[in-house]
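Working notes, structure below.
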Amino acid sequence: MSRRTGRKIVVVGAQWGDEGKGKIADIEAEQADMIVRSEGGANAGHTVVVQGRTYKLHLLPCGIVRAGKMNVFGPGGVFDPKVGREELAIAREHGSEVMLDTHASVVLPIHRAIDAGREFAAGKNAIGTTLRGIGPCYSDFWLRRGLKLGDLRSSARVREVLTDGGYWDELVALCVHLGVATRVDIEKLNLGIDPMSLDATVAWCMEHATEICDHLGDTRRLVHSMVDTGRTVLFELAQGVMIGTHLEGGKFCTSSTCTPAGISASLGIYGFDRVIGVTKAYATRVGGGPFPTELTDDLGDYIRSNGAEFGTTTGRPRRCGWLDLRALRYACKMAGVTELVVTKLDVLSGLRGLGLCEEYEGVEERATLVESVLQTAKPVLEGHRPWAKDLTSVRATSELPTTAYEYLIRIAQSIGLPITSVSVGPDREAMINERIEP
Ligand code: IMP
């Protein structure tokens, strides 16, 4: 029996997150039969602008704003029921379909309280998490405990899982140890319940359960059946390669895998046809951790305000810096990127000069860029001639100032991959859809 195999396309953040994956995934979603989020949780913020209306999605794939599209939240993700319900409402409004995996982990208010408690306790050594309970929920996943979405089908089951083997008591003891009740501004977390109350937590789960349970299913089976019948599946990864747990090698990372390996691990999908690495024309990082090309002066402030570099999920100002080609080369290798999309090129217009980092002093090309290496890495900065023209209405490379075109060529050559499109503004239409070969 011959079997058709569908196209498997991945959108991956090739920096420290916030590369503009939402917009690129949204554009790719048009041709896809199904869009899948497989990793992470409501720490992500994928911005999609549709006809002037901005959607800041955290959990569900960007395909929910497209009528008739099938969207999946896979078993490798951690699902906050409250946020999820808000996004299910967006899907309903747009007439799109959603399947949530029965085995996706549930983020509870107590996970968020522990996240905040740990950050508070760490003081100046805090990670700078999004406070969305991601680390504590993934910790429970790896400890082989915690609620799965399928458990929400009955309150008795929720209670049983939460109390199994002293699980709940352990979480509460941790909260007490961290001084959650006295040291953390619980009001600010907007949890809606006392996170340490078991009864309130069970009731909270059941409040969100009905709607969520209508969408539960076996997403692995669904994704495989789509691929096996020749459909196109788009995998929308979250965060960025440089802050993926397995690669970052220290503490300033998120708690999930941010490369296609995560899709393979949780969904059993391999052999991707295209892995689209999204990079900004400069670099940003939010939260703590090393950032070799960071600009802590007025230039950084200028890029931040010009590029509206404030966290989609937390509103925090993002740290800004020059494009780090050394880190980008590494990230593309680690994620098996096959093509690049450059976003926010328009933000660099009007600067007096541009910097690019090709390498770090004394760090050989083959060196692995883990946290400890990046902490002491000194970027060798090279200049690039700037451009003044506003690029937001440019739709072809022939309309680009020569220096801007050369900037793109330089990126493609340094990474050794083609750039397949360039984003010059937030709207879907603000794209230069031309291939730039290295
Ligand atoms: P967590 O994922 O909330 O535990 O945060 C851990 C680190 O990952 C922090 O530095 C966050 O700022 C960062 N992080 C998490 N999600 C994102 C994202 O979507 N974009 C950029 N940084 C993120």
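Position one of the sequence shown corresponds to residue 17 (my numbering), numbered consecutively onward. Even for Gly, the Cβ is constructed at its ideal location relative to N, Cα and C. If you're wondering where the values come from, they're calculated on a predicted model, not measured in any experiment.
Which listed residue (the options) has its alpha carbon closest to that of residue i
i, options, result
"residue 94", "409, 272, 159", "272"
"residue 312", "263, 333, 292", "333"
"residue 291", "80, 433, 114", "433"
"residue 121", "141, 73, 178", "178"
"residue 35", "422, 354, 259", "259"
"residue 367", "421, 154, 315", "315"
"residue 352", "338, 279, 318, 422", "279"
"residue 74", "47, 103, 48", "103"
"residue 303", "33, 159, 25", "33"
"residue 55", "276, 437, 382, 408", "276"
"residue 47", "247, 60, 450, 150", "247"
"residue 119", "322, 232, 99, 357", "232"
"residue 50", "67, 446, 43, 79", "79"
"residue 202", "417, 140, 243, 128", "128"
"residue 381", "336, 301, 410, 349", "349"
"residue 400", "389, 298, 45", "298"
"residue 184", "142, 217, 336", "217"
"residue 230", "138, 200, 97", "97"
"residue 72", "338, 327, 415", "327"
"residue 69", "331, 40, 99, 106", "106"
"residue 23", "301, 243, 318", "243"
"residue 43", "346, 65, 225, 53", "65"
"residue 410", "321, 160, 450", "450"
"residue 220", "426, 340, 320, 124", "124"
"residue 289", "180, 354, 138, 222", "354"
"residue 345", "431, 206, 99, 207", "431"
"residue 235", "53, 204, 207", "53"
"residue 160", "222, 181, 225, 21", "181"
"residue 223", "21, 413, 39, 99", "99"
Cβ neighbours of residue i in the same chain (closer than 6 Å, five flanking residues each side left out)
i, result
"residue 266", "387"
"residue 162", "121, 156"
"residue 126", "187, 211"
"residue 447", "437, 439"
"residue 263", "350"
"residue 417", "403, 405"
"residue 199", "136"
Residues near residue i by beta carbon distance below 8 Å, same chain, minus five either side
i, result
"residue 3", "The first residue shown for the chain is 17 and the last is 454, placing residue 3 beyond what the model contains."
"residue 59", "74, 145, 146, 148, 150, 254, 255, 270, 329"
"residue 227", "101, 104"
"residue 428", "356, 434, 435, 452, 453, 454"
"residue 17", "No answer about residue 17 holds up, because its pLDDT of 47 lies below 50 and its placement is not dependable."
Opposing strand residues paired with residue i [DSSP bridges]
i, result
"residue 71", "64"
"residue 335", "301"
"residue 241", "For residue 241, which the question treats as bridged, DSSP gives no partner whatsoever."
"residue 330", "Residue 330 is not bridged to any residue."
"residue 359", "296"
"residue 528", "Residue coverage of the chain in this structure runs from 17 to 454, which leaves residue 528 outside it and unanswerable."
"residue 87", "51, 114"
"residue 188", "Beta-bridge pairing links residue 188 to no other residue."
"residue 447", "439"
"residue 405", "In the DSSP output, where bridge partners are listed per residue, residue 405 has none listed."
"residue 249", "24, 50"
"residue 372", "339, 398"
"residue 124", "Residue 124 is not bridged to any residue."
"residue 452", "435"
"residue 164", "121"
"residue 232", "116"
"residue 290", "25"
"residue 95", "122"
Contact test: residue i Cβ vs ligand 3 heavy atom, cutoff 7 Å
i, result
"residue 31", "Among the ligands in the structure shown, ligand 3 does not appear; only ligand 1 can be found there."
Residues of its chain near residue i, where Cβ-Cβ distance is below 7 Å and the 5 sequence neighbours each way are ignored
i, result
"residue 402", "367, 368, 369, 370, 419"
"residue 424", "358, 435, 438, 452"
"residue 342", "373, 374, 375, 376"
"residue 305", "268, 387"
"residue 45", "51, 78, 79, 82, 85, 250"
"residue 390", "306, 308"
Chain B within 8 Å of residue i, Cβ atoms only
i, result
"residue 191", "Of the protein chains in the structure, only one exists, and it is not chain B."
- Query: Quick check: the stretch 138–151 against the stretch 160–170, are there 3 or more CB pairs under 8 Å?
  - Reply: The stretch 138–151 vs the stretch 160–170: no contact.
- Message: Tell me whether the stretch 111–118 and the stretch 173–181 touch, counting them as touching only if at least three CB pairs, one residue from each stretch, are closer than 8 Å.
- Response: no
- Message: I'd like to know if the stretch 80–91 and the stretch 202–212 are in contact, where contact means that at least 3 CB-CB pairs between them fall below 8 Å.
- Response: no
- Query: Do the stretch 346–365 and the stretch 431–451 make contact, defined as three or more Cβ pairs closer than 8 Å?
  - Reply: yes
- Query: Are three or more beta carbon pairs between the stretch 267–287 and the stretch 223–241 nearer than 8 Å?
  - Reply: yes
- Item | the stretch 187–202 touching the stretch 133–140, judged by at least three CB pairs closer than 8 Å | yes
- Message: I'd like to know if the stretch 390–408 and the stretch 370–382 are in contact, where contact means that at least 3 CB-CB pairs between them fall below 8 Å.
- Response: Result yes; three or more Cβ-Cβ pairs closer than 8 Å.
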